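Undergrad: Take the sequence shown: its position 36, counted from the start at 1, is 33 in my numbering, and no numbers get skipped.
Yeah, the Cβ is synthetic: ideal placement off N, Cα and C, and Gly gets one too.
Just so we're clear, the structure is a prediction, and the values are computed from it rather than from any experiment.
Quick one: the structure is below, questions incoming.
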Amino acid sequence: CEDADTAAGSAGDWRCVCPAPSAAFEVAGRVASCRLDECTATCATCAGATCTAAGQACQDPSPLPDSLNDWSCSCVAPATGASAAVGAAASCVLDECATACPTCAGATCAAAGQDCVEGSTDAGALGDWSCSCVAPATGASAAVGAAASCVLDECATA
């Protein structure tokens, strides 16, 4: 509570103030309505940086100042995975060979008649896929993120 003028003749000029880092709608002479969204606030117990650093979304189910440490991170599409325990990053995976996304490979390899090989399903490891030849074709796997150079020597496979 803040009283702007403590003189004896001054009345009705007090206001409730939410403690930092809470945000509020404050009106003189009334109780403030305080909010603390741990996903957007900057504080020691807040989550925004944890989820953002992991490339994930943050949810605070109860954005009240007396409800702290109830946030969680979740995977952002096209990554998938279970939401994390409260107060931690989620465990997300992204199989670029099986997923339809701008950096994904399934269609590229399939169009070349090749198999897609995912380097890592870690959601943060993008563009680490390659295509490989399908037997009886042979050839070298291409550089990461491209179709392989395959040949089919019908005389050698007979």
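From S64 to S127, what does the alpha carbon distance come to, in whole angstroms?
TA: Roughly 47 Å between the two C-alpha positions.
Undergrad: Pull up the DSSP beta-bridge partners for C147, would you.
TA: In DSSP, C147 forms a bridge with G136.
Undergrad: Leaving out five residues before and five after V83 in sequence, what residues of the same chain have Cβ atoms less than 8 Å from its Cβ?
TA: Only N66, D67, W68 and S69 meet the Cβ criterion.
Undergrad: According to DSSP, which residues form a beta bridge with Q156?
TA: This structure cannot speak to residue 156, because the chain is shown only from -2 to 155.
Undergrad: Excluding the 5 residues flanking A134 on each side, which residues of the same chain have their C-beta closer than 6 Å to its C-beta?
TA: Around A134: C147 and L149.
Undergrad: Where does D119 land, buried or exposed, given buried means 16+ other C-beta within 10 angstroms?
TA: So D119 ends up on the exposed side.
Undergrad: Under the assumption that Q53 contacts C89 (Cβ atoms under 8 Å), give the Cβ distance between them as a whole number of angstroms.
TA: With 8 Å as the limit, Q53 and C89 qualify as a contact, their Cβ atoms being about 7 Å apart.
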